[in-house]
Structure formats: structure tokens, C-alpha cells
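Asks: One structure follows; several queries about it will come next.
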Amino acid sequence: MSYKHKIKLEIEKILNGTKTNVQVEKTKLKEHGDVATNVAMVLAKELKKNPFEIANDIKAKIENLKGLISKVEVAKPGFINIVVDNLALAESLIEVHSQKDKFGYAPSKSKEKVLVEYVSANPTGDLHIGHGRQAAIGDSLANVLIADGYDVYKEFYINDHGEQMTRLKDDARIKYWELKENKKSDKIDFEYQITIDKYIPLLVNEPGTTADNIGEKLKERILNDQKSLLGKCNVKFDNWFSETSLHTEGKAKDVLEKLKESGFTYEHEGALWFKAKEFKDTRDRVLIRSDGRPTYLLADIAYHINKIERKNKKLITVWGADHHGQEISLKGGLHALGYDDSSLEIVFVQLVSLKKEGQEVKMSKRAGTVVNTEEVLNEVGSDAFRYFLVESHPNNRMVFDLDLAKKQDKDNPVYYIQYAHARCCSIFRQITNPTGSSEERNVSTVTEKELSKWFEEYAKTPEIFMNLFAVNKEEYEATKTLILKILDFPEEISLSSKSRSPGRIGNYLKELATDFHQFYTVCRVLSKDIKILKARLGLTWATKITIANGLKILGINAPESM
RNA sequence: GCGCCCGUAGCUCAGUGGAUAGAGCAACCGCCUUCUAAGCGGUCGGUCGGACGUUCGAGUCGUCUCGGGCGCGCCA
Numbered sequence: 026m027s028y029k030h031k032i033k034l035e036i037e038k039i040l041n042g043t044k045t046n047v048q049v050e051k052t053k054l055k056e057h058g059d060v061a062t063n064v065a066m067v068l069a070k071e072l073k074k075n076p077f078e079i080a081n082d083i084k085a086k087i088e089n090l091k092g093l094i095s096k097v098e099v100a101k102p103g104f105i106n107i108v109v110d111n112l113a114l115a116e117s118l119i120e121v122h123s124q125k126d127k128f129g130y131a132p133s134k135s136k137e138k139v140l141v142e143y144v145s146a147n148p149t150g151d152l153h154i155g156h157g158r159q160a161a162i163g164d165s166l167a168n169v170l171i172a173d174g175y176d177v178y179k180e181f182y183i184n185d186h187g188e189q190m191t192r193l194k195d196d197a198r199i200k201y202w203e204l205k206e207n208k209k210s211d212k213i214d215f216e217y218q219i220t221i222d223k224y225i226p227l228l229v230n231e232p233g234t235t236a237d238n239i240g241e242k243l244k245e246r247i248l249n250d251q252k253s254l255l256g257k258c259n260v261k262f263d264n265w266f267s268e269t270s271l272h273t274e275g276k277a278k279d280v281l282e283k284l285k286e287s288g289f290t291y292e293h294e295g296a297l298w299f300k301a302k303e304f305k306d307t308r309d310r311v312l313i314r315s316d317g318r319p320t321y322l323l324a325d326i327a328y329h330i331n332k333i334e335r336k337n338k339k340l341i342t343v344w345g346a347d348h349h350g351q352e353i354s355l356k357g358g359l360h361a362l363g364y365d366d367s368s369l370e371i372v373f374v375q376l377v378s379l380k381k382e383g384q385e386v387k388m389s390k391r392a393g394t395v396v397n398t399e400e401v402l403n404e405v406g407s408d409a410f411r412y413f414l415v416e417s418h419p420n421n422r423m424v425f426d427l428d429l430a431k432k433q434d435k436d437n438p439v440y441y442i443q444y445a446h447a448r449c450c451s452i453f454r455q456i457t458n459p460t461g462s463s464e465e466r467n468v469s470t471v472t473e474k475e476l477s478k479w480f481e482e483y484a485k486t487p488e489i490f491m492n493l494f495a496v497n498k499e500e501y502e503a504t505k506t507l508i509l510k511i512l513d514f515p516e517e518i519s520l521s522s523k524s525r526s527p528g529r530i531g532n533y534l535k536e537l538a539t540d541f542h543q544f545y546t547v548c549r550v551l552s553k554d555i556k557i558l559k560a561r562l563g564l565t566w567a568t569k570i571t572i573a574n575g576l577k578i579l580g581i582n583a584p585e586s587m
């Protein structure tokens, strides 16, 4: 349990009876202690008492909690400022070591099933950078939800049915004919020109390819390429769900029948319409075209109902912001069939533009400036790709700075964070595999055997870490700042999960790296004083654990050396 | 016209209704005989687009307004 939570519980104990939610927050200024609570001001109204008096009452009751709180002060309107006892910090560090790669993770409190759907591109060509961002955000969001204790299932919805697919397959068939017959058709330009030029020459001479199956083969090939491309940046799905299967298995038809029964449909000009306006949409929407083919909307409703039937309590669907117009009709469809549409949450990811050599290039299909995910990924590498695309909030449009992402120095936050991790590891290499004698390096000698014994102690003996604090003021400040930052991690995961903004983890890691680099500069870990050495090695390892756990959520590597 | 999203330092962005709004980059000045200088410290930089309101307290909540992006297909 975190020191913050312990303090919160103590205050709640004192206030038993009042229902007020006690908030214990980290302070911004050192003069305000380590943490503060505004509970006196919140209570002032309820109790009709002066907040300052309430604060002083609480102060009197908590200031003698040895081992948890070392100092309490009441400030201006009624803030209660608390300095945490070093022992509480030492005890918290034990938890980092005992939980290891699960540190920060919520104890699977709910095991509530959540299905996160993301990317879900048409298998009609290359993924553009917007899909890349959806992949980075969707995957990291799913990971952060896992860390927050949910039972998460990652899914890609393959839009392999409908008008776009029909057009692609038509293009494929004609191009196939052109290549086979070595003739030119009267088709002037293909809708999917780039895709056709890229794939059809590769497929045309494959054994078994015919005019009839070239379209299907093309689809499979594109899908595989999308899969392997996403795999290259650690985006892997539990399931690839085919839209076509909804039709072949009759699920779309079942939903259609139910919608008809619900009375929210009508026929008009040969098509079947859904009364979306009754659900506050701007207009009604077509479910079945006049030629009898179903629209994406029908399939989408059927797909989401299928998700609910698979016992998912929460559905999170990640869409590009250009699709927000579809939200109301989809939710309306669920609502019309009696499903609770509040379980469906759509995260809209805003567009990406690219900055190259200082110039911003806007994505435009017409201008031919669509930025390809593969090109960017190959150019900057998976780690930078994941970091930059997830960093800012999904609701914000973002500018991807290609030149910055390619930089391999301190300007690039990815390297800055990874370097902090590598530095931690490097210190341990020095201990177990030193260059030069320990005398020269002025370090106590530690055998491998001793070191592994220390690791056992780190997970259960808080007293070890008390030696971190018996140092000069500068060292003390740097050390304490780092510890407090490490201990923020579980809360950071929770906030990131609740606000559906996995990019928070990236910002957190940047701060953690800063605090570690500062600690490293001020405090020499490899010390002659064995007690200090032992304590600082433990803290360094706790930092390493935290950075690695955070990077894992973002799908970014944590290198041991750079 | 209607709907969704965004306006915070020159640039890219943080900022769970709390105290004096923060980083990084860019610009300038410093720091390597010892754990990786892929690092650290310092200086410069702001009417949080604007107005009104709610509150003990607003960058954060509400209404309005200005600016920008996206959407309003029998495409997805």
C-alpha cells in the first residue's frame, strides 16, 4: 500500500462519519511538504466551521503517527501540509522490489472484461500514419487497462466486405486481365491504383491465381502485410475479426430482422432505412441498399452486439476522428435493440500531420501527400514510432516531427528515457563485471553471491533503504525526489487508464528519467561505504523496474545498454 | 447551417477544482582525473484565444463569443 493511501486512510479514520472524499495530493512546492490535503476546506461548508480550525484539529491527531508522518503544518485557507516519514518511503520501496514486473499494476481488482478494438483498416492498401497513431494509442491503451486490472482482449475488425472491397476486387480483376492478355483495358485509372500496381504483378503468376480469385488473394496478401507491419512495432492482436463472417454466419441478418421488429426501420426508394433521427442523428441512415446489399452500419451494429454477447462489460472502440459522425447511428442501433449503449465508448484519434525539415506537410489524398506508416516506421524505428504517436492526447491533432524522431541524442525523449534505463543496468554491470580494480575505482567489493542475497533483502527489509537518507542535503533532495516519483507510478497507471490517455505514461517516464539522471549526477551509487552502496543499488534497481514496466505498456524496448 | 474536437512560452506539448501555470526544443552561459556528457546546472521567455458566470479558490466546470481542424454519401 502506498504511503499516500496510508495517510488517506488515517485521515478517513479520524473523520469517520463524514462521507467526504479525502484527497491526498503531491505538492508542487517543497515548502508545502510532500503531500497535502484540502479536506478541511471541503468540510468547512458541511460542518459550518472555519477550515483553519478543522485543519488544526486534524493536524493534532495525525502529527504523532510515527513511521508514517514526520511533520504536519496548516497553511493559509486550510491546507494540511504533510512531510512523509522516511520509513514509509523505505517500506514502499520494498513493494517495488517484491512486485517486480508487476509493480504499478493494480491487483486484478475487477477482472472485468474489456474489448479494445483498434486500427480496423480496410484491407485495400497500405496503412497511413493515422492508422499508425491509432495502433500506437489503441495498443498502449489496452496495455494500460491490463495494468489497471482489467481483463483485456485486443481486436482488429477487418472491413473486408462492402463497396470498397468490391471496387478493389474489380480493379484487381481488370489489372489481372491486362497483364495476362498483355492488353490495355478501357479503364483509364484505377481507384486503388497504388495498391494494384504494387500487388497485382506479384500475384499474377502465382500458381492457382485466376481472374475469379485474384481479388480474394489480393485481400489476403494485404491483410498479411498489415499484420506483419503492425507486428514490427509490437502491435499484436488477440483476434482479427472479419466483417464478412458476420454475413456468412447470418449474424447481420439476425440483427436486421430484430431491427425490423423493433419498428425503427422503414423502406424508401427501394432501400431499407434506420430511423437514426429518433436517436438524435442528423439524418436517417441506410441499412440495406436498393440493390439488396447491406451497408457498413448494419454490419457495425451486428459486430458490436456480437462483442456484447461475448460477455464483454466494456467496449472501447478506437476510431479516426473523421468517423465521429458514425457514433450516433451505431449507438442508436444498439439502443433500438435494447442494449445499453453506455457500455460502448468510442475513443476518437485526431489526425496526424508530418514535419520534415521544419516544414509541415498536411495529409491529403488528393495532393498525394498521404503518409505511409511503413515509411515512417522504417525511417525512425519502432521505439520512436510508438513513443511519438502515443505521446499526445488522442483528442489533439499532432505533428509528427520526423527529424526529431530520428535523432539519437538527448533531444529525443525516447532515447532520454531508454538511456536512464541503460544507465541503471550499466551500474550493475560495473558491480558484477568491473573494469579495473575496486581500489582504483574506490568501490567496495561485492560478490555475485552477496548481490543476490541483497536482492532478497531489498524485497523485505526496509531498514536497508534508511541509509539512503543519511546524506548531505543535496543528495537527500535528489534521492527523495526520485523515490517519490517512483512511488507515483501505480497512481499514474490508474489515471492514465481512467482518462483513456496512455500518453500520460510517456510523460511520466520522461519525468522519472529526469529525476534519475539528477540522482545519478548528485549521488554516486558505487560508493566505498557499503551501506550507501547497498541502499543506492536497491534504489537504482527500483528505478530500472519502474522504467521497464512503463516502457512495456507503451510497447517500447528497454535496452540494457546503449 | 448543424454536430464533434482543439486554442497554455517563438516551436512541440504537460497540467486528477487548489497555493507562485510546468517540461523539452530553440537562444545564451556554465559543468567530464572516479558509476556511459545519449548526462547535469543556470539565464531568457506567459493578459492559459476573449467575455461573463459558478466557487472560499478556475488553465481546469457552465454559458456565450472569436479562431483552427474534421464530419454531415444507398463510401468506410
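Throughout the first sequence, residue numbering follows the working numbering, covering 26 to 587 in sequence.
Beta carbons: idealized from backbone N, C-alpha and C, even for Gly.
1. Going by C-alpha to C-alpha distance, which of Leu72, Ala61 and Leu414 sits closest to Ile87?
2. Could you pull the start and end residues of the alpha helix (DSSP H) that His293 belongs to?
3. Met423 lies in the beta strand (DSSP E); which residues open and close that run?
4. Using the three-state DSSP reduction, which class does Arg561 fall into: helix, strand or coil?
5. Pick helix, strand or coil for His418, following the three-state DSSP scheme.
6. Give me whichever residues DSSP pairs with Ser378 in a beta bridge.
7. Taking 6 Å as the limit between beta carbons, can you name the residues of its chain near Phe104, skipping five residues before and five after?
8. Does the segment 479–493 come close enough to the segment 121–129 to have 3 or more Cβ pairs within less than 8 Å?
9. Are the beta-carbon atoms of Thr220 and Leu193 separated by less than 8 Å?
10. By DSSP, does Arg454 sit in helix, in strand, or in coil?
11. Look at the Cβ atom of Leu564, then the Cβ atom of Leu493, and state whether they are nearer than 8 Å.
12. Glu216: buried (16+ other C-beta within 10 angstroms of its C-beta) or exposed?
13. Determine the DSSP secondary structure at Tyr178, reduced to helix, strand or coil.
14. What residues in its chain sit with their C-beta under 6 Å from that of Gln443, if we drop five residues either side in the sequence?
15. Do Glu488 and Val547 have their C-beta atoms within less than 8 Å of each other?
16. Short of 6 Å in beta carbon distance, which residues of its chain neighbour Ala301, apart from the five on each side in sequence? Order them along the chain.
17. If contact is defined by three or more beta carbon pairs under 8 Å, each pair taking one atom from either stretch, is the segment 538–557 in contact with the segment 96–114?
18. Counting beta carbon pairs with one atom in the segment 522–541 and one in the segment 161–175, are three or more of them shorter than 8 Å?
19. How far does the beta strand (DSSP E) with Ser95 in it extend, from its first residue to its last?
20. Hey, would you say Lys257 sits closer than 8 Å to Ser407, going by beta carbons?
21. Using three-state DSSP, classify Ser315 as helix, strand or coil.
22. Could you tell me which whole beta strand (DSSP E) segments of length 3 or greater appear in the segment 327–355?
23. Is DSSP giving Ile247 helix, strand or coil here?
24. Identify which residue in Gln159, Glu475, Gln375 and Ile530 has its Cα closest to the Cα of Lys559.
25. I'd like the list of long-range same chain contacts for Lys244, defined as Cβ closer than 8 Å, with 5 residues on each side in sequence excluded.
26. Quick test of your reading: Thr398 and Ile154, contact by CB under 8 Å. State the CB separation rounded to the nearest angstrom.
27. Helix or strand or just coil, what does DSSP make of Asn397?
28. If distances are taken between C-alpha atoms only, which option among Ser378, Ala172, Thr472 and Ile213 comes closest to Leu427?
29. Which two residues bound the contiguous alpha helix (DSSP H) that contains Phe490?
30. Report yes if the CB atom of Ile326 is closer than 8 Å to the CB atom of Val372, and no otherwise.
31. If we count the other Cβ atoms within 10 Å of its Cβ and call it buried at 16 or more, is Leu54 buried or exposed?
32. Look at the Cβ atom of Gly531, then the Cβ atom of Val405, and state whether they are nearer than 8 Å.
33. With DSSP as the reference, label Leu551 as helix, strand or coil.
34. Who does Ala61 pair with in a DSSP beta bridge?
35. At which residues does the alpha helix (DSSP H) containing Asn168 begin and terminate?
36. Tell me, which residues are paired with Trp265 by DSSP?
Replies: Based on what the coordinates show:
1. Ala61
2. Note, His293: premise wrong, no alpha helix (DSSP H); beta strand (DSSP E) at Thr290 to His293.
3. Met423 to Asp426
4. helix
5. coil
6. Val424
7. Ala61
8. yes
9. yes
10. helix
11. yes
12. exposed
13. strand
14. Pro584
15. no
16. Asp309, Arg310, Ser354 and Gly357
17. no
18. yes
19. Ile94 to Ala100
20. yes
21. coil
22. 339–345
23. helix
24. Glu475
25. Pro148, Asp185, Met190, Leu193 and Lys194
26. 6 Å
27. strand
28. Ser378
29. Glu488 to Met491
30. no
31. exposed
32. no
33. coil
34. Glu50 and Asn106
35. Ile154 to Ala172
36. Phe181
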